[in-house]
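S.K.: Residue numbers (my numbering): 11 to 270.
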């Protein structure tokens, strides 16, 4: 067991369990490193045939605003490199070869929502709180959300959620096609396990090939989207209102944006 994430096994199902629900599982560089390592472990374990990601009471509150401050202070190059490291988590989840299911309770904000959406199937609690929070702090979408959300819900819904920074619950997310299934909070993980067990008996090479074919035939440009997001976000993190948002977050006050 690691400090931030552990990989459990339930028969042929791997469960990536985020271990800081009390802190709402912040999406830090350390979190990303553990996520990448454990996804690689699950990928290489032939006894694991599908994987569930769950944060328990809360999936993830998104980027570690306080932890990112020191890198942003070093300038655009360091910030761009930091954003690329943050993107490693979504990249690893999206490129994971086996079926991946997100079980979302509580908050899934920003990068946390991006991570949830990088899975093949998302099961959300009815009262889950989902938010593309980036514009609220003077940023733009990153961690793949600009692309993932449009693929799932369409361009119009994606623009509405991104530009308003609107928070939606699991029921609304299901209605908007942001997530595939919506159940009561106490049944989220059980429902994700049911779906994983439905997938697990199928021949794994066929399942992996089917997943790859579905992605290849219907989707393109994800890695390009990450580069576009990195370049735009790196400028915003250094020169826009994001530094004020981080400072206000640290000082527990409302940010005073100057939009410069």
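Idealized CB from N, CA, C, for every residue including glycine. For clarity, every value in this text was computed on a predicted model and none was experimentally measured.
Spatial neighbours of residue 126 within its chain, please: CB distance less than 7 Å, with the 5 preceding and 5 following residues excluded, ordered by chain position.
M.R.: Numbered from its first residue, the chain shown carries residue 126 at position 116. Once the five neighbours on either side are set aside, the close Cβ partners of residue 126 are 69, 112, 114, 118, 132.
S.K.: Look at residue 4 and residue 99 and say whether their C-beta atoms are less than 8 Å apart.
M.R.: Since the displayed the chain opens at 11 and closes at 270, residue 4 lies outside it and no answer follows.
S.K.: Output the boundary residues of the beta strand (DSSP E) element that contains residue 191.
M.R.: Taking the first residue of the chain shown as 1, we reach residue 191 at position 181. Taken as a continuous stretch (DSSP letters only), the beta strand (DSSP E) holding residue 191 covers 191-193.
S.K.: Report yes if the C-beta distance between residue 41 and residue 23 is below 8 Å; otherwise report no.
M.R.: On the chain shown, residue 41 is found 31 positions in, with the first residue counted as 1. On the chain shown, residue 23 is found 13 positions in, with the first residue counted as 1. No, Cβ-Cβ distance for residue 41 and residue 23 is not below 8 Å.
S.K.: Using DSSP's beta-bridge definition, name the partner residues of residue 18.
M.R.: Stepping through the chain shown from its first residue, residue 18 is reached at position 8. Looking at the DSSP assignment, residue 18 forms a beta bridge with 25.
S.K.: According to DSSP, is residue 171 helix, strand or coil?
M.R.: Locating residue 171 in the chain shown gives position 161, where the first residue counts as 1. Helix at residue 171.
S.K.: If you pair each beta-carbon of the region 87-98 with each one of the region 38-52, do three or more pairs fall below 8 Å?
M.R.: Cβ pair count under 8 Å is three or more, so yes.
S.K.: Secondary structure at residue 253, three-state DSSP: helix, strand or coil?
M.R.: Working through the chain shown from its first residue, we reach residue 253 at position 243. In this structure, residue 253 counts as helix in the three-state DSSP scheme.
S.K.: Just curious, the beta strand (DSSP E) that residue 114 is in, first and last residue?
M.R.: What you label residue 114 is simply residue 104 of the chain shown in a count that begins at 1. It spans 110-114 - the beta strand (DSSP E) in which residue 114 sits, taken as one unbroken run.
S.K.: Using beta-carbon positions only, say whether residue 89 and residue 248 come within less than 8 Å of one another.
M.R.: Residue numbering aside, residue 89 sits at position 79 when the chain shown is read from its first letter. Residue numbering aside, residue 248 sits at position 238 when the chain shown is read from its first letter. Cβ distance < 8 Å, so residue 89 and residue 248 count as in contact.
S.K.: Considering only residues of the same chain and omitting the five flanking positions on each side of residue 186, which have a CB-CB separation below 6 Å?
M.R.: Position 176 of the chain shown, counted from the first residue, corresponds to residue 186. Correct list, in chain order: 163, 167.
S.K.: For residue 206, does the count of other Cβ atoms within 10 angstroms reach 16, so buried, or fall short, so exposed?
M.R.: For this step, residue 206 is matched to residue 196 along the chain shown. Flag for residue 206 reads buried.
S.K.: Should residue 224 be labelled buried (16 or more other beta-carbon atoms within 10 Å of its own) or exposed?
M.R.: As a position in the chain shown, residue 224 is number 214, starting the count at 1. Residue 224 is exposed by the Cβ-count criterion.
S.K.: Output the distance between the C-alpha atoms of residue 263 and residue 76, rounded to the nearest integer angstrom.
M.R.: Walking along the chain shown from the start, residue 263 turns up at place 253. Walking along the chain shown from the start, residue 76 turns up at place 66. Using only the alpha carbons, I get a separation of about 14 Å.
S.K.: Whose C-alpha, out of 47, 61, 256, 235, is nearest the C-alpha of residue 151?
M.R.: Translated into positions along the chain shown, residue 151 becomes position 141. That would be 235, whose Cα lies nearest to the Cα of residue 151.
S.K.: Please classify residue 239 as buried or exposed, where buried requires at least 16 neighbouring CB atoms within 10 angstroms.
M.R.: Counting from 1 along the chain shown, the entry for residue 239 is found at position 229. By the 10 Å Cβ count, residue 239 comes out buried.
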